[in-house]
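Student: In order, the protein sequences belong to chains A and B. So the first sequence is residues 1 to 311, counted in this note's numbering. So the second sequence is residues 1001 to 1311, counted in this note's numbering.
2 protein chains.
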Amino acid sequence: MDANDSKRTLSCTSHVCVNNPHLNALKDDILYHFSLGTGTHNLPAMFGDVKFVCVGGSPWRMKSFIEYIAAELRMEDPKSDYPNICAGTDRYAMYKVGPVLSVSHGMGIPSIAIMLHELIKLLHHASCTDVTIIRIGTSGGIGLEPGTVVVTKQSVDATFLPKFEQVILGKTVVRNTDLDQKLAQELLQCSKELNKFETVIGNTMCTLDFYEGQARLDGAFCSYTVKEKQDYLNKANDAGVCNIEMESSVFAAMCKLSGLQAAVVCVTLLDRLKGDQLSSSHEVLQSYQQRPQILVGYYIKKQLKALAKGC
Amino acid sequence: MDANDSKRTLSCTSHVCVNNPHLNALKDDILYHFSLGTGTHNLPAMFGDVKFVCVGGSPWRMKSFIEYIAAELRMEDPKSDYPNICAGTDRYAMYKVGPVLSVSHGMGIPSIAIMLHELIKLLHHASCTDVTIIRIGTSGGIGLEPGTVVVTKQSVDATFLPKFEQVILGKTVVRNTDLDQKLAQELLQCSKELNKFETVIGNTMCTLDFYEGQARLDGAFCSYTVKEKQDYLNKANDAGVCNIEMESSVFAAMCKLSGLQAAVVCVTLLDRLKGDQLSSSHEVLQSYQQRPQILVGYYIKKQLKALAKGC
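1. Count the CB pairs spanning the region 1085 to 1093 of chain B and the region 1103 to 1110 of chain B that are closer than 8 Å, and state whether there are at least three.
2. Would you kindly report the start and end of the unbroken alpha helix (DSSP H) that includes residue 115 of chain A?
3. For a contact meaning CB atoms closer than 9 Å, what does residue 1058 of chain B contact in chain A?
4. Sorted by chain position, which residues of the same chain lie with C-beta nearer than 6 Å to residue 1055 of chain B's C-beta, five sequence neighbours on each side aside?
5. Would you say residue 171 of chain A touches the ligand FAD, meaning its beta carbon is less than 7 Å from a heavy atom?
6. Looking at the unbroken beta strand (DSSP E) that takes in residue 270 of chain A, where does it start and where does it end?
7. If you draw a straight line from the C-alpha of residue 1306 of chain B to the C-alpha of residue 1193 of chain B, how long is it?
8. Counting only beta-carbon separations shorter than 8 Å, does residue 117 of chain A have a partner in chain B?
9. Measuring straight from C-alpha to C-alpha, what distance separates residue 274 of chain A and residue 1222 of chain B?
10. Can you tell me whether DSSP reads residue 1182 of chain B as helix, strand or coil?
11. Would you be able to state if there are at least three C-beta pairs under 8 Å between the region 238 to 258 of chain A and the region 174 to 184 of chain A?
12. Taking C-beta pairs closer than 7 Å, name the residues in chain B that residue 121 of chain A reaches, listed in chain order.
13. Evaluate the contact criterion for the region 185 to 205 of chain A versus the region 144 to 152 of chain A: three or more CB pairs, one atom per stretch, below 8 Å.
14. Along the chain, where does the alpha helix (DSSP H) containing residue 1254 of chain B start, and where does it finish?
15. Give a yes or no on whether 8 Å exceeds the smallest Cβ distance from residue 1166 of chain B to chain A.
16. Which partner residues of residue 1104 of chain B appear in the DSSP bridge assignment?
17. Using a Cβ-Cβ cutoff of 7 Å, what residues of the region 1269 to 1298 of chain B are near chain A? List them in chain order.
18. Kindly indicate the opening and closing residues of the beta strand (DSSP E) around residue 1168 of chain B.
19. In three-state DSSP terms, what is residue 79 of chain A?
20. Starting from residue 1289 of chain B, follow the alpha helix (DSSP H) in both directions and report where the run begins and ends.
21. In whole angstroms, what is the alpha-carbon distance linking residue 262 of chain A and residue 120 of chain A?
22. So who's on the other strand from residue 1095 of chain B, going by DSSP bridges?
23. Look at residue 243 of chain A and residue 109 of chain A and say whether their C-beta atoms are less than 8 Å apart.
24. Which whole-angstrom value is the C-beta distance of residue 1041 of chain B and residue 1114 of chain B, which I expect to be below 8 Å?
25. Report the neighbours of residue 1215 of chain B on chain A: residues whose CB is nearer than 7 Å to its CB, in chain order.
26. Terminal residues of the continuous alpha helix (DSSP H) containing residue 1230 of chain B?
27. On a Cα-Cα basis, can you pick out the residue from B:1204, B:1111, B:1220, B:1211 that is closest to residue 1268 of chain B?
28. CB-CB under 8 Å to residue 226 of chain A, same chain, minus the five flanking residues each way: which ones, in chain order?
29. What residues in its chain sit with their C-beta under 7 Å from that of residue 76 of chain A, if we drop five residues either side in the sequence?
30. Considering only the beta carbon of each residue, do residue 47 of chain A and residue 116 of chain A sit closer than 8 Å?
31. Please list the residues of the region 148 to 163 of chain A that have a C-beta atom closer than 8 Å to any C-beta atom in chain B, keeping them in chain order.
32. Threshold first: 3 residues or longer. Then list the beta strand (DSSP E) segments lying entirely within the region 187 to 231 of chain A, N to C.
33. Are the beta-carbon atoms belonging to residue 294 of chain A and residue 52 of chain A less than 8 Å from one another?
34. Taking all protein chains shown into account, do 16 or more other C-beta atoms lie within 10 angstroms of the C-beta of residue 312 of chain A, making it buried, or fewer, making it exposed?
35. Considering only residues of the same chain and omitting the five flanking positions on each side of residue 23 of chain A, which have a CB-CB separation below 8 Å?
36. Along chain A, in chain order, which residues have C-beta atoms closer than 9 Å to that of residue 1034 of chain B?
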């Protein structure tokens, strides 16, 4: 933990922690994959008011999220089409409206990890306080009706254990994947108030691969039988796994290390106990994908109303 | 191996192998992350003539590669701006000119693995033969002048061993990361003929992370000293590691399993023994990034000339 810890105790606000003594020695910090930096951009002026960060795999979805949230918060700018703040690179896309930042992270643990390293540094350099971060994504469900939204209780690995293994200098370090349980309950409550779709709290399995890693039968390679696949998914079900995706474990671990209140909200696009291929129509899949953003939009609006009332 | 093996022996052409008996049971195969499928697209008509596939992380770079190759092969279409074949999704971008396919893969092993599963199935469904696949990318160098191009001999993990660990149904399976040594030598020879920049053959370390996983001192978290970092990179140097990137191991493993002739050609953007941040100017970094495409473009032109002569 860095010097922010003492600030936090004094002011009761929560700063975004970096955990790296070497950063102080840098003259400028280049956030290469965002095409931003402390020497080229006034990060406190650009991002100091951020209170909510939403991240998701697809750049299109994260742009549509910022348009949705702007309308919900009545902060639309009719002259603007919400420019991509990271327009100097095609690695990630970033959009902002008021206190809400929307960032894409690509697919898989390495891709979201690069983004999170640079996002955490960005929020730290910008002196942001009391930031909530929510991953909104898609997933395969286990024993759930397609379209169900899962708020992650614990992110577990392919052996159903709640841990993330980070390799540092060739050695494996195990990190905790706890998420904020109060935030998860608040999101579930929001879904009840919205009353538009089913939402559950459950464990999320995070894998390194979409095909063999998730026991699919439709990859380029498959060395197991239908029964072996079914047995594995049934075991996951028994271990409380409600859905499978590819980013939640490192997201949980890194947010915890940096003191960010974090949640994972993913819609299930299919029931993996019944199949592998995403064969629903484009329109149905699109409407499912909007559910996490509707839920998180409602949550943000509610929080901002509470803040405005001084609660 | 599937039925293509017998065809290969008979005809002396090499088919792209899928290694999955369940695929035959699928009525249609939906290549979800390409927004393509056997039920919706005539894959043999669209892709049957493909002989060279080039893949790289950035969609912009893969578009610029197809423009470059079109000009090199004098196959420019003045009316076309090379439409993205995967325009129905933002997960990957794909471009084609003549026998050359250019596909983006995002960052990290999981992201390239999803793309490769669907690419291998695409080439298989399209009945492509004698396909060469080359990853053109960027990397951090070890003890090399920035701008040096590295053709990978072996892809090694963070402990410098030539293996890729694939998790299948919760169990770890170790896969071989051999690349085509003849192709690597041919690429080195092409660089000599071009005589425009330094190219070497060496081992490439493939990591799951850009910051802690590559011993950088400038991530959001860092628990090691400058000396520990330096010792680790020196050990990598001693093990023959010339550069570090994030996709080569699964690329080598999957291409080997599917019978694709494969190479990895990455430029080094900095010498990691001297620093961590990419502080060269945008123009210098851009010119470095063009080197793998210049080398691979030269190789493809040479191969096509040889084929035209009936060699």
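Built from N, CA and C at the ideal position, the CB exists for glycine as well. Since we're looking at a predicted model, the values are computed, not measured.
Tutor: The answer reads as follows:
1. At 8 Å Cβ cutoff, the stretches touch.
2. Taking the first sequence and counting its residues from 1, one reaches residue 115 of chain A at position 115. 109 to 125 is the extent of the alpha helix (DSSP H) around residue 115 of chain A.
3. As a working mapping, residue 1058 of chain B is identified with position 58 in the second sequence. Those within 9 Å of residue 1058 of chain B in chain A are 89, 90, 91.
4. One-based indexing of the second sequence puts residue 1055 of chain B at position 55. The beta carbon of residue 1055 of chain B lies closer than 6 Å to those of 1103, 1105, 1135 in the same chain, with the five residues before and after it left out.
5. This structure lacks the ligand FAD; in fact it carries no ligand of any kind.
6. Residue numbering aside, residue 270 of chain A sits at position 270 when the first sequence is read from its first letter. Segment 261 to 271, the beta strand (DSSP E) holding residue 270 of chain A.
7. Here the question's residue 1306 of chain B lines up with position 306 in the second sequence. Here the question's residue 1193 of chain B lines up with position 193 in the second sequence. The straight-line gap from Cα to Cα measures roughly 16 Å.
8. Translated into the one-based positions of the first sequence, residue 117 of chain A becomes position 117. By this cut-off, residue 117 of chain A is an interface position.
9. The residue you call residue 274 of chain A lines up with position 274 of the first sequence. The residue you call residue 1222 of chain B lines up with position 222 of the second sequence. Straight-line Cα distance between these residues: approximately 43 Å.
10. Position 182 of the second sequence, counted from the start, is the residue given in the question as residue 1182 of chain B. Helix, per DSSP.
11. yes
12. The residue labelled residue 121 of chain A in the question sits at position 121 within the first sequence. Taking the beta carbon of residue 121 of chain A as reference, the chain B residues within 7 Å of it are 1220, listed in sequence order.
13. At 8 Å Cβ cutoff, the stretches touch.
14. Start at 1 with the first residue of the second sequence, and residue 1254 of chain B comes out as number 254. Residue 1254 of chain B -> alpha helix (DSSP H) spans 1248 to 1257.
15. Taking the second sequence and counting its residues from 1, one reaches residue 1166 of chain B at position 166. Against chain A, the CB of residue 1166 of chain B has a partner CB under 8 Å away; the residue lies at that interface.
16. Locating residue 1104 of chain B in the second sequence gives position 104, where the first residue counts as 1. DSSP, once it has assigned bridges, lists B:1056 as partnering residue 1104 of chain B.
17. Hits within the stretch, in order: 1277, 1278, 1279.
18. In the second sequence, residue 1168 of chain B corresponds to position 168, counting from 1. Unbroken beta strand (DSSP E) run through residue 1168 of chain B: 1163 to 1168.
19. Residue 79 of chain A sits at position 79 when you count from the first residue of the first sequence. Of the three classes helix, strand and coil, the one that applies to residue 79 of chain A here is coil, per DSSP.
20. Numbered from 1 along the second sequence, position 289 holds the residue referred to as residue 1289 of chain B. That run of the alpha helix (DSSP H) goes 1282 to 1308.
21. Here residue 262 of chain A corresponds to residue number 262 of the first sequence, with the count starting at 1. Here residue 120 of chain A corresponds to residue number 120 of the first sequence, with the count starting at 1. Computed Cα separation, rounded: 13 Å.
22. Here residue 1095 of chain B refers to the residue found at position 95 when the second sequence is read from its first residue. B:1102.
23. Within the first sequence, numbered from 1, the residue matching residue 243 of chain A stands at position 243. Within the first sequence, numbered from 1, the residue matching residue 109 of chain A stands at position 109. In this structure, residue 109 of chain A does not lie closer than 8 Å to residue 243 of chain A by Cβ.
24. The residue labelled residue 1041 of chain B in the question sits at position 41 within the second sequence. The residue labelled residue 1114 of chain B in the question sits at position 114 within the second sequence. The Cβ separation is near 18 Å, so there is no contact.
25. Translated into positions along the second sequence, residue 1215 of chain B becomes position 215. Those are 169, listed as they occur along chain A.
26. What you label residue 1230 of chain B is simply residue 230 of the second sequence in a count that begins at 1. Start and end: 1226 to 1238.
27. Position 268 of the second sequence holds residue 1268 of chain B. Ranked by Cα distance from residue 1268 of chain B, the options B:1204, B:1111, B:1220, B:1211 are led by B:1204.
28. The residue labelled residue 226 of chain A in the question sits at position 226 within the first sequence. Excluding residues within five positions, the ones whose Cβ falls inside 8 Å are 217.
29. Counting from one through the first sequence, the residue named residue 76 of chain A turns up at place 76. 70, listed in sequence order.
30. Along the first sequence, read from residue 1 onward, the residue named residue 47 of chain A stands at position 47. Along the first sequence, read from residue 1 onward, the residue named residue 116 of chain A stands at position 116. It is not a contact, given that the beta carbons lie outside the stated cut-off.
31. 158, 159, 160
32. Complete beta strand (DSSP E) runs here, min 3: 199 to 206.
33. Position 294 of the first sequence, counting from 1, holds the residue named residue 294 of chain A. Position 52 of the first sequence, counting from 1, holds the residue named residue 52 of chain A. Not in contact: residue 294 of chain A and residue 52 of chain A (Cβ atoms no closer than 8 Å).
34. Lying outside 1 to 311, the shown extent of chain A, residue 312 of chain A is not represented and no answer is given.
35. As a position in the first sequence, residue 23 of chain A is number 23, starting the count at 1. Hits under 8 Å: 29, 121.
36. Looking up residue 1034 of chain B in the second sequence gives position 34. The contacting residues do not exist; residue 1034 of chain B stays about 12 Å from chain A at best.
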